[in-house]
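Residue numbers (my numbering), protein chains in the order written: chain A, 23 to 194; chain B, 13 to 215.
A virtual CB, placed ideally from N, CA and C, is assigned to each residue, including glycine.
It should be emphasised that the depicted structure is a prediction, and the values quoted were computed from it without experimental measurement.
Below you can see the structure in the form of structure tokens.
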């Protein structure tokens, strides 16, 4: 069972015949308006055909040359790359191996760190802050470092190259 | 349907060429490309309105055709078969572009090129500048109107009006029913008639 839209299209394109054509035309409320619409559709078709019908391909030979090169390049790829299934299998297997090896390395490293508690090898400073907040225009060569000595529970502010002490650092 | 085949090429049947392609003969495929490249490029251009994109999509379509030529069983003509690939590639591309929100109506570079009197899209001789400009404007209006259609509606109207394909060929190409083709044609025509009424009535 065709819809009205389908019958209309078939009628415009001259694809209705016999009783189907008679029935459809009889069902049209305004035959003259429908004929005008049909003429407009024909004009539209002619306009499209005339104006956009022949958009040429410039450099046809280069098009073919480029295509031949691309096909040759793709055909030359190893079959392993072309075969998606094999490629996926290798990727999964490699991922599994990599994952297992990484886990083993991590565990070994974690055990080593947990058991190695030799304080002599650790720094006597807990933190070292190197973000100097100095105006580069006023003190171009200035650097500020801050140390916190764990043993002595003191914080040391080490400044070098300051022309003047910034207001932020003034003792209160 | 017209092709670029020369008389010598026409002697070699399409089916023979396809069989040679299936055996891995790239020269045979090259002959098929020569027969259809202009038509396919033109069709894609009318869908996407950009020469560069049309070039790339035509290349992609032919590469895809080469890769899957062994699966061609000859149930339809080679032309319908490759058109199906072309339409899939182009409609997918347009859909992705729509999702990304990049759907420009048409590119300015082409508009400028169309004014060039040497361009193939204008008459070769005796075209007055005013006529050339007028045609360029008309073409821009048409491309603008087509750009407002969905990819599927663009495909059916172009295959019907430009390629003069039959309903069943369009249906086969787009893998849909003939009824769907007719419905899409109805809506595509209605929309274009509304958008281009002043153009086709004043020519």
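Mind pulling the chain D residues with CB within less than 8 Å of residue i?
{"i": "residue 31 of chain A", "result": "Of the protein chains in this structure, namely A and B, none is chain D."}
Hey, how far is the Cα of residue i from the Cα of residue j?
{"i": "residue 135 of chain B", "j": "residue 73 of chain A", "result": "Its pLDDT being 39, under 50, residue 135 of chain B is placed unreliably in this model, and the value from its coordinates should be taken loosely. Using only the alpha carbons, I get a separation of about 11 Å."}
{"i": "residue 43 of chain B", "j": "residue 213 of chain B", "result": "42 Å"}
{"i": "residue 190 of chain B", "j": "residue 184 of chain B", "result": "9 Å"}
{"i": "residue 68 of chain B", "j": "residue 134 of chain A", "result": "57 Å"}
{"i": "residue 56 of chain A", "j": "residue 50 of chain A", "result": "7 Å"}
{"i": "residue 85 of chain B", "j": "residue 100 of chain B", "result": "19 Å"}
{"i": "residue 199 of chain B", "j": "residue 61 of chain A", "result": "16 Å"}
{"i": "residue 36 of chain A", "j": "residue 99 of chain A", "result": "52 Å"}
{"i": "residue 25 of chain B", "j": "residue 52 of chain A", "result": "50 Å"}
{"i": "residue 194 of chain B", "j": "residue 27 of chain A", "result": "7 Å"}
{"i": "residue 125 of chain A", "j": "residue 117 of chain A", "result": "12 Å"}
{"i": "residue 131 of chain B", "j": "residue 113 of chain A", "result": "Caution applies to residue 131 of chain B, whose pLDDT of 37 falls short of 50 and renders its modelled position unreliable; the model cannot decide the point."}
{"i": "residue 162 of chain B", "j": "residue 128 of chain A", "result": "54 Å"}
{"i": "residue 132 of chain A", "j": "residue 91 of chain A", "result": "53 Å"}
{"i": "residue 57 of chain B", "j": "residue 24 of chain A", "result": "33 Å"}
{"i": "residue 94 of chain A", "j": "residue 78 of chain B", "result": "11 Å"}
{"i": "residue 37 of chain B", "j": "residue 33 of chain A", "result": "46 Å"}
{"i": "residue 64 of chain A", "j": "residue 166 of chain B", "result": "17 Å"}
{"i": "residue 92 of chain B", "j": "residue 181 of chain B", "result": "7 Å"}
{"i": "residue 205 of chain B", "j": "residue 80 of chain A", "result": "31 Å"}
At a CB-CB cut-off below 8 Å, which residues of chain B make contact with residue i?
{"i": "residue 42 of chain A", "result": "Going along chain B, no residue has its Cβ under 8 Å from residue 42 of chain A, so there is no contact; the nearest lies around 13 Å."}
{"i": "residue 181 of chain A", "result": "Per Cβ cutoff of 8 Å: no residues; residue 181 of chain A is ~53 Å from chain B at best."}
{"i": "residue 86 of chain A", "result": "42, 45, 46 and 49"}
{"i": "residue 24 of chain A", "result": "191 and 194"}
Whose Cβ in chain A lies nearer than 7 Å to the Cβ of residue i?
{"i": "residue 74 of chain B", "result": "89"}
{"i": "residue 211 of chain B", "result": "69"}
Give the residues of chain A in contact with residue i, contact being defined as C-beta atoms less than 8 Å apart.
{"i": "residue 93 of chain B", "result": "Those within 8 Å of residue 93 of chain B in chain A number zero; the least Cβ separation is about 17 Å."}
{"i": "residue 166 of chain B", "result": "Those do not exist, as residue 166 of chain B stays about 11 Å from chain A at its closest Cβ, beyond 8 Å."}
{"i": "residue 78 of chain B", "result": "93"}
Residues of chain A with a CB under 9 Å from the CB of residue i: which are they?
{"i": "residue 150 of chain B", "result": "69 and 73"}
{"i": "residue 38 of chain B", "result": "90, 93, 94 and 97"}
Where in the segment 68 to 122 of chain B do unbroken runs of the alpha helix (DSSP H), each at least 4 residues long, occur, reported from the N-terminal end onward?
90 to 112
Positions along the segment 40 to 65 of chain B whose CB lies within less than 7 Å of some CB in chain A:
42, 45, 46, 49, 50, 53, 54, 57 and 58
Taking Cβ-Cβ distances below 7 Å as the criterion, which residues of the segment 59 to 71 of chain A are in contact with chain B?
62, 63, 65, 66, 67, 69, 70 and 71
Sequence ranges, alpha helix (DSSP H) only - wholly within the segment 171 to 211 of chain B, length at least 4
179 to 186
Within the segment 57 to 133 of chain A, ranges of the alpha helix (DSSP H) (whole runs, at least 4 residues):
82 to 97 and 101 to 104
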